[in-house]
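Take the sequence shown: its letters are residues 1 to 317, numbered as in full-length UniProt numbering.
Ideal placement from N, C-alpha and C gives every residue a C-beta, glycine not left out.
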Amino acid sequence: MKIIVLGSAAGGGFPQWNCNCRNCAGVRGGTIAATPRTQSSIAVSGDGNDWVLINASPDILAQIRATPALQPARAKRDSGIAAVMLMDAQIDHVTGLLMLREGKPLPLYCTASVWNDLNTSLPLAPVLSHYCGVHWHPLHTIGDGPGMQAVHVPGIDGLRFTPLALSSKAPPYSPHRAQPGIGDNIGLLIEDTGSGKTLFYAPGLGLIEPQVDAAMRRADCVLVDGTFWRADEMIELGFSSKSAADMGHLPQSGEAGMIAVLDSLDAHGNARRRTARRKILIHINNTNPILDDDSAQRALLARHGIEVAFDGMEIVL
């Protein structure tokens, strides 16, 4: 299984267009050791030729230009993107669909909750019907719990995608924002059925529920929410009145933060693993000090064996 990180930043990218925090000003002025990043998205393939695009960010055209594998040029009009799978209906994860309008009908995998938002409050599907069109493949829940049915994507041989419903909220524009439901946000366990290697991907993760813990312990690579360093990061900087938890994100620091969660994966059962589990943070907000390569926070992550995703990062499992 091959994974390419197309974009590694949270909504707004890095630097954010209107932000003058230490990180954004520093990367513009060259006063900190940091690399610009586009908004989060990954591509996954079993053979290196045909790919599932997971989330379509507003930066998708720049990401495709930077990733030759997504433009194999096998025909006059061609793309390595065989399908798109959505984790949620957040603007920074879906508006790139509009940039893919010149192609063939777009196979789109998402939950009914996400599909409803894309046909009503943010009507991208009706708009695309006047261009390439969208062929919806629903991601189904199993009963009333968080379990969801595994899917195989045609043309993506050897990979199985198992969604996991996460406790989170629909986007701010959604009419059911205040009434969260199963399918508003998902994680993905992606398995190479030949090798048995697995990736767990969850760029928006605010709570470590049993199904999430089990998926993370099973995975050979955990690629998860790295949005904020501190729970009160946006409040402390004067950018918002909301905490990380209010926005549906688990910060890295703190007794129950992401560092502690990722450490716990190695503390139980890792002796039976043949290879070390990779632990990588993605969806990093422009305010997070880990974007500074020379920061104390970045050094702390390294001591815990935690990597920070960057645009163009390649992972092979």
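Tell me which same chain residues have a C-beta within less than 6 Å of the C-beta of residue i, skipping the five on either side of it?
i       : result
Val-316 : Lys-2
Arg-230 : Pro-251 and Ser-253
His-135 : Pro-105 and Pro-107
Ile-208 : Val-261
Thr-54  : Here residue 54 is Ile; the residue named in the question, Thr, does not match the sequence. Once the five neighbours on either side are set aside, the close Cβ partners of Ile-54 are Ile-42 and Met-85.
Look up residue i in the DSSP assignment and give the residues it is bridged to.
i       : result
Trp-229 : BP columns for Trp-229 are empty, so no partner.
Cys-110 : Pro-138
Arg-160 : Glu-191
Gln-39  : Ala-9
Arg-278 : Cys-221
Gly-147 : Leu-164
Ile-3   : Val-44 and Ile-315
Phe-14  : Arg-37
Beta-carbon within less than 7 Å of residue i's beta-carbon, same chain only, minus the 5 sequence neighbours each way: which residues are those?
i           : result
Gly-181     : Ser-113
Leu-124     : Val-94, Leu-97, Leu-98 and Leu-118
residue 322 : Examination of residue 322 is not possible in this model, given that the chain is present from 1 through 317 alone.
Taking buried to mean at least 16 other C-beta atoms within 10 Å of its own C-beta, is residue i buried or exposed?
i       : result
Tyr-173 : exposed
Asp-213 : exposed
Asn-18  : exposed
Glu-236 : exposed
Arg-37  : buried
Pro-154 : exposed
Gln-63  : buried
Gln-71  : exposed
Gln-39  : buried
Ile-259 : buried
Ala-9   : buried
Asn-185 : buried
Going straight from the alpha carbon of residue i to that of residue j, what length do you get?
i       : j       : result
Pro-289 : Arg-160 : 35 Å
Pro-210 : Ala-244 : 21 Å
Gly-13  : Asn-286 : 7 Å
Cys-110 : Val-5   : 20 Å
Phe-239 : Val-261 : 27 Å
Asp-50  : Asp-59  : 20 Å
Trp-115 : Thr-31  : 43 Å
Asp-47  : Asp-157 : 8 Å
Asp-294 : Ser-57  : 28 Å
Ala-75  : Met-247 : 43 Å
Ala-150 : Thr-162 : 4 Å
Ala-302 : Val-224 : 16 Å
Ala-82  : Val-52  : 6 Å
Thr-67  : Asp-78  : 14 Å
Pro-15  : Gly-143 : 42 Å
What residues in its chain sit with their C-beta under 8 Å from that of residue i, if we drop five residues either side in the sequence?
i       : result
Arg-177 : Lys-169, Ala-170 and Pro-171
Arg-218 : Leu-189, Thr-198 and Phe-200
Gln-90  : Gly-11, Pro-171 and Gly-204
Ser-195 : Met-1 and Leu-317
Next on the checklist: Quick check for students: name the residue ranges of the beta strand (DSSP E) that lie wholly in the segment 282-313, counting only runs of 3 or more.
Outcome noted: 306-308
Next on the checklist: Extract the residue ranges of the alpha helix (DSSP H) inside the segment 44-102, only unbroken runs of 4 or more that lie entirely within it.
Outcome noted: 60-65 and 91-94
Item to check | Continuous beta strand (DSSP E) assignments of at least 3 residues falling wholly in the segment 172-219 | outcome: 186-192 and 198-202
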